[in-house]
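Trainee: If you want this note's numbering, it's the 1-based position in the sequence shown plus 12. For glycine and all other residues, C-beta sits at the position ideal for the given N, C-alpha and C.
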Amino acid sequence: MTAPVTLDPVPLLESLIACPSVTPEEAGVLSVLEGALVALGFTVTRLTFEGDGSYPVDNLFAVRGNGGRRLLFAGHTDVVPPGDQALWTADPFTPRQAGGRLYGRGAADMKSGIAAFVAAAANIPEDAGTVMLAITNDEEADAVNGTDKLLGWMAEQGYAFDFAIVGEPSSAKLLGDSIKIGRRGSFSGQITVTGTQGHVAYPEKANNPLPVLARVVTALDVEIDQGTEHFPATNLEVTTIDVGNPVSNVIPAAGTLRFNIRYNDLWTPETLSEWIRLRIVTVDAAGAEIVFESVGTPSHAFLSPLSDDVATLSDAIETVTGRRPEYSTGGGTSDARFVARYGPVVECGLVGSTMHKADEHIAIADLEGLTAIYREFMQRFFDRDA
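In structure tokens form, the structure reads like this:
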């Protein structure tokens, strides 16, 4: 077997943070990553996807090895904007170490996961098996021309995997205390109630849509389910009710509400749409028109099988941290939903308590610990073929 090398994840992470890769601007971050991967024997392919109503996105695929078990790491180099820079102690794109922490936009979400995985892969012999990375620069925004299309391209090229890790922050309070074995789905919708505009002094000549809209809200505010073995109960949250009426003496012609549903593995976007329509039927429309439509592209719920590979990852975490992780499906959505269409995937990364905040940071010890977890897992994962 070829001899492994040692790579420090800290300077690599600092180099990644120094690239202001706010979605979708790549800002040189993929070139930094490409240089590190090529030095480790990876073959790197850069791909740009565009269209489908979104902006062009730069992506990176890397592979080393062509036999044995196949491991995929997926993640993103793009970051959210820093916001008001006056809230930052220093420039958000100038990496800074202080008190055992590393500061900078993207430190937690999720350039740290990428740096840790690359550093861990450096310590794995090249002929141990096949290691792949699928990295996009669009996870934080539209996510149209990123991981979804990158995984589709991989499938077309014949790149399959036995197991995948997404390096999103998955730990709750301590490194390795939790990994995500699935995610809830996300479904957004809009309901418009149209009546007849009129003068408030002559309500008999109008048809106020707002009482109907209120009854729609009440009809949706019910228990949808009680959850499943690995998922909490589905919840629907009304996020806005809009009328657009600036005056007090006009009955508006229409009102609109928007909502989002975070749902478990009992549902699909199609069955949720039918559930909403059945709830609307129970509402007294009082002559008004009620129209429901979905908004945006829904994210599907997924649950990875609790396989030997999940157990191996748990063993690796316990070896490094002394703690066995809990299995979670909480939180929002991630690009793991795209990966799950092609094979089993879990999310395993750092504590994300500062992600998207001013002075975003991580503990350097946690970065080193995550690198050790990835390394320990890869050794065990590929040893299954030994």
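1) Hey, quick one: how far does the alpha helix (DSSP H) through S43 stretch, first residue to last?
2) What does the Cβ neighbour count give for A298, buried or exposed, with the cut at 16 atoms within 10 Å?
3) Grouping DSSP H, G and I as helix and E and B as strand, with all else coil, what is E286?
4) Return the residue from the list S182, A323, G344 that minimises the CA-CA distance to S365.
5) So who's on the other strand from H373, going by DSSP bridges?
6) Going straight from the alpha carbon of A39 to that of S33, what length do you get?
7) Looking only at its chain, what residues have a beta carbon closer than 8 Å to the beta carbon of W100, apart from the 5 residues adjacent to it on each side?
8) Suppose only complete runs of 3+ residues qualify. What are the beta strand (DSSP E) ranges in the region 322–346, listed by chain order?
9) Could you tell me the distance, in whole angstroms, from the CA atom of M13 to the CA atom of L162?
10) To the nearest angstrom, how far is the alpha carbon of S27 from that of D327?
11) Just to check my reading of the structure: T60 and D70 have Cβ atoms closer than 8 Å, yes? What is that Cβ distance to the nearest angstrom?
12) Determine the burial state of Y275: buried for a count of at least 16 other Cβ atoms within 10 Å of its Cβ, exposed for fewer.
13) Quick check on the DSSP output: the alpha helix (DSSP H) that includes G361 runs from which residue to which?
14) Under DSSP, the beta strand (DSSP E) around L163 begins and ends at which residues?
15) So, does the region 105–115 touch the region 131–144, judging by three or more C-beta pairs under 8 Å?
16) Provide the residue span of the alpha helix (DSSP H) that contains P21, from first to last.
17) At 3 residues or longer, and completely inside the region 85–140: list those beta strand (DSSP E) runs for me, N to C.
18) Taking the C-alpha atoms as reference points, what is the distance between C360 and Y115?
19) Classify P281 as buried or exposed, calling it buried when 16 or more other Cβ atoms lie within 10 Å of its own Cβ.
20) Using C-beta distances below 6 Å, list every residue in its chain close to V255, excluding the 5 sequence neighbours before and after it, in chain order.
Mentor: The answer reads as follows:
1) Here residue 43 corresponds to residue number 31 of the sequence shown, with the count starting at 1. Note, S43: alpha helix (DSSP H), 41–51.
2) Taking the sequence shown and counting its residues from 1, the one referred to as residue 298 is at position 286. Label assigned to A298: exposed.
3) If you number the sequence shown from 1, residue 286 lands on position 274. Helix.
4) Counting from one through the sequence shown, the residue named residue 365 turns up at place 353. Cα-wise, what sits closest to S365 is S182.
5) What you label residue 373 is simply residue 361 of the sequence shown in a count that begins at 1. BP columns for H373 point to Y115.
6) Counting from one through the sequence shown, the residue named residue 39 turns up at place 27. Counting from one through the sequence shown, the residue named residue 33 turns up at place 21. So the alpha carbons of these two residues sit roughly 5 Å apart.
7) Here residue 100 refers to the residue found at position 88 of the sequence shown. Same-chain partners within the cutoff: P94, A370, D371.
8) 338–340
9) Along the sequence shown, one-based indexing puts residue 13 at 1. Along the sequence shown, one-based indexing puts residue 162 at 150. Only weak support exists for where M13 lies, its pLDDT of 46 falling under 50; the coordinates are left without a value.
10) Position 15 of the sequence shown, counted from the first residue, corresponds to residue 27. Position 315 of the sequence shown, counted from the first residue, corresponds to residue 327. When rounded, the distance between both Cα atoms is 31 Å.
11) If you number the sequence shown from 1, residue 60 lands on position 48. If you number the sequence shown from 1, residue 70 lands on position 58. About 5 Å; that satisfies the 8 Å criterion.
12) Your numbering for residue 275 matches position 263 in the sequence shown. Using a 10 angstroms sphere on the CB of Y275, the tally of other CB atoms reaches 16 or more, which defines it as buried.
13) On the sequence shown, position 349 is the one that residue 361 refers to. First-last for G361: undefined, no H or E at that position.
14) Residue numbering aside, residue 163 sits at position 151 when the sequence shown is read from its first letter. Where L163 is concerned, there is no enclosing beta strand (DSSP E), although the alpha helix (DSSP H) it sits in stretches over 159–168.
15) no
16) The residue you call residue 21 lines up with position 9 of the sequence shown. That run of the alpha helix (DSSP H) goes 21–29.
17) Here the runs fully enclosed are 108–110, 113–115.
18) Numbered from 1 along the sequence shown, position 348 holds the residue referred to as residue 360. Numbered from 1 along the sequence shown, position 103 holds the residue referred to as residue 115. The straight-line gap from Cα to Cα measures roughly 21 Å.
19) Within the sequence shown, numbered from 1, the residue matching residue 281 stands at position 269. Classification for P281: buried.
20) Taking the first residue of the sequence shown as position 1, residue 255 is located at position 243. For V255, where only same-chain residues beyond five positions count, the Cβ hits under 6 Å are P264, G267.
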